[in-house]
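At position 706 of the sequence shown the residue is numbered 710 (the numbering used here), and the sequence of numbers has no breaks. Cβ coordinates follow ideal geometry from the N, Cα and C atoms, glycine included. Okay, so here's the structure we're looking at.
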Amino acid sequence: KRIASETINNIIVGGILAVVLIFLFLRNWRPTFAIFLAIPISIIATFIGLYVFRYTLNILTLGGLAIGVGMLVDNAIVVIENTFRHLEEGKTRKEAAIIGATEVGMAITTSTLTTICVFLPMILGGGMAGEMSKPMAVTVTISLVASLFVALTIVPMVASILFQQGTKAGYEEAFGEKRFEKVQEWYKKNLAIALQHRVKVVLIAIGGFLLSLVIIYFLGFEFMPSGDTPMLIMNAKMPVGTNLEETDRVIKRIENDFIKLPEKKFVVTTIGPSAMGGARSAQGMGASDVNEGMIMARLVDLEDRKRDSAEITEDLRKKLPELKDAKFDFMDMSGMMTGGGGGEKPVEIKIFGKDLNELKRYADEVALKIKDVEGLRDIDVSMREGKQELQVRIDRDKASHFNLSVGQIGGTIEVASLGKVATKYRVGGEETDVRVRYGDFDRDSIRDIEKITIPTRKGFQVALPDVAELYYGRGPLRIMREDRVRKVTVTANTTGRAIGKITSDIKKKLKDFNLPPGYFMEHGGSYEQMQETLTTLLLAFLAAIILIYMIMAAQFESFTQPLVIMFTVPLSIIGVALGLAVSGMTLSTVAFMGIIILAGVVVNNGIVMIDYVNQLRKKGIKKHEALIEAAATRLRPIFITAFTTILGVLPMALSRSQGWQMRAPLGVALGGGLLVATLLTLFVVPVLYSLVDRISYKTTEKIRKKLHGEEA
């Protein structure tokens, strides 16, 4: 509830910032109010859409609204500006509203479709990436469709009522034309210089993009950002055979350190098999035997403490007692904050094979090799020896001599030691099992068990020692399998470093570690999830790029102009890299989702600019003049739409309250990427357009001359 509340606050603050920015640009309450209406109406329509599609208001759907709140006004801004243009030409309010919305209807529809395109692969995608992104993508898609509907219907209606029929001077005053002229003049001057040094500008842009890739590489990759968690859980496992009193003594000693924490709300301790032990211990939560215990501490809210959960955990870890064969592990609860589950360690190395003893030996070697990797904590091997037990090794050759199967021998031993339900005893409507087995004195030692005889099909009895060997030993507490193959895992927690960097170091350590035939090793945990999710998101990104290109190619009726506009996508990566570096974040799946969304947003600036360039060139204006005029004319709407979106996600980017790891990387990627892409688009897109147009013209001329030469 607290995380959802923080997300709602981000939506409200983002919306307010966007509206304030619009007012600062326009300095007039009438157009500002008309544009503002797009936000609440679109949000209400989104709620209705979510209800129809059976989605609830949760962290993911609210996150979608937080992303879209700054975009909801983009279409309305374009409609309002065009309506004002027609008003200053002398048209009536009704005529200006109708014509203003109709003229830009196709342009804003195309722009909205390019943004929606990036969400379609997310909606249709599967796996964990699909589960994470689908609710968010559906929410943004519904809100954008609603905002388009509002911009083409309600906004023109409000404009026809509120706006006043005015003159060019009135229009310029309302839209702050005179105040913006100095900015436009500065831009025109510098754009003209850039057009004179086209190759240099393009090389600088490419260099910036390549540098951003280097920055991202050094930042590292991880599945989910390691954020604060409101709960600490430590599992303690004493050596097998430790009695309850000794376990209690050690656990209470550690419990005192938890109780002394100034950041704690309460502490819960479980020692030995608890009432919930069965289900909880199966998940790694809680004790399942007298030699195990668990301590759980609920922390106060992040805003009310000076240290985050990682710092507190490190402090507690330093105070843990050093006991031989004892294990103290802190559970990674960050997954609970991101919807990915909690309790599993992020680092997992799986070793597969047949022989359990060999698997245990290899796992111990792996644990020894990786113990010095920076950032690893709580390294553990899954296979442990249990209590001393009586083990039976059946001689299959001897058993077959008497026509006895392993099942027959094992079944006889089981009945003798554990018993078998022979009948039920009924009293007052309740049934009680009656179990028949050997008496305690008849199964107290190996000698007693050796007296067991197994009946054969021929009717005679075979003594157990004749077909099996009995001895005391220690067996594994559990045998783990994956795809029916036995495995032993080496697991560890991480701290202070991205999972990608840690896994890379682990692979280097194990590069020369060779397993014999029949045995193999795999990396699991967060690294495996990260690889699968990033692969899915990369495919979604490529699909989005193709869809965006197809839409723009249809709009411009050109194959080259969409390529010019799509150069804004790598430009946005520069902003993403800088944003993540400044904020100290890594490239996580959440940040990568921001990059995908950016692909559909940053192209809108290029679409607006190139569309107007084409219109001017159709009127006979030369290419150079058309580029400068179109870029300067579209400068303000580009600024307004870009910065309203940036301010809309700014609260997300700056958020450090509970659950920030699902919001902040997305906000940083969107805000940083859009900011840099917008500024660079103003220069790089016109330069690229000029270069590509020149190359296209020369190529066309060569083909034309060649064709004319053949005809002659």
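If you look at L584, you'll find it in the alpha helix (DSSP H) that goes T572 to S587. The region 23 to 42 makes no contact with the region 94 to 103: fewer than 3 CB pairs, one atom from each, lie closer than 8 angstroms. In this structure the region 21 to 36 does not lie against the region 148 to 156, because fewer than three pairs of beta carbons, one per stretch, are closer than 8 angstroms.
Bridge partners of N239 according to DSSP: M298 and D333. In the structure shown, V471 falls within a coil segment according to DSSP collapsed to helix, strand and coil. G477 is bridged by DSSP to E393. Contact between the region 636 to 645 and the region 78 to 86 is present, with at least three C-beta pairs closer than 8 angstroms. The C-alpha of K256 lies about 32 angstroms from the C-alpha of G477. By the beta-carbon neighbour count (other beta carbons within 10 angstroms, threshold 16), T50 is buried. Sequence-distant partners of T317 (beyond 5 residues in either direction) whose C-beta falls short of 8 angstroms from its own C-beta, in its chain, are L236, F334 and T499. In the three-state scheme derived from DSSP, where H, G and I count as helix and E and B as strand, A426 is classed as strand. N260 sits in a helix when the DSSP states are folded into three classes.
When DSSP reads this structure, T495 sits in a beta bridge with E352 and D384. Between V254 and A301, the C-beta gap is not smaller than 9 angstroms, which leaves the two residues out of contact.
R439: not part of any alpha helix (DSSP H); member of the beta strand (DSSP E) spanning E434 to V440, first to last residue. With a 10 Å radius around the Cβ and a threshold of 16 neighbouring Cβ atoms, F57 comes out exposed.
In the three-state scheme derived from DSSP, where H, G and I count as helix and E and B as strand, G528 is classed as strand.
Straight-line spacing of the CA atoms in M525 and V607 works out to 44 angstroms. Within the region 22 to 61, no beta strand (DSSP E) run of at least 3 residues lies entirely inside it.
Following the DSSP letters along the chain, one finds R501 in no beta strand (DSSP E), marked with neither H nor E.
Each residue's CA atom was taken as its position, placing S313 and K505 some 22 angstroms apart. Beta-bridge analysis with DSSP links Q465 to P459. Of the candidates E259, N62, I275 and D487, the residue whose Cα lies closest to the Cα of T246 is I275.
The criterion of a C-beta distance shorter than 9 angstroms is not satisfied by G676 and L541. Residue environment for I197: exposed (fewer than 16 other C-beta atoms within 10 angstroms of its C-beta). Boundaries of the alpha helix (DSSP H) harbouring V594: T593 to K622, taken from the DSSP string.
The beta carbon of P125 sits closer than 6 angstroms to the beta carbons of A544, A547 and A548 from its chain, once the five residues preceding and following it are set aside; these are given in chain order.
Remark: three or more beta-carbon pairs, one from each stretch, lie closer than 8 angstroms, so the region 140 to 155 and the region 109 to 125 are flagged as touching. In the DSSP assignment, E486 falls within the unbroken beta strand (DSSP E) covering M484 to E486. Contact annotation: Y429 and V440 have beta-carbon atoms that are not nearer than 9 angstroms. As DSSP reads the structure, K268 sits in a beta bridge with L303. Distance between T436 and V425, taken at the CA atoms: about 10 angstroms. Under DSSP, R490 takes part in a beta bridge, and its partners are R485.
F560 is a Cβ neighbour of D615, given a cutoff of 9 angstroms. Taken through DSSP and simplified to helix, strand or coil, T251 comes out as helix. Around the beta-carbon of Y693, 16 or more other beta-carbon atoms lie within 10 Å, marking it buried.
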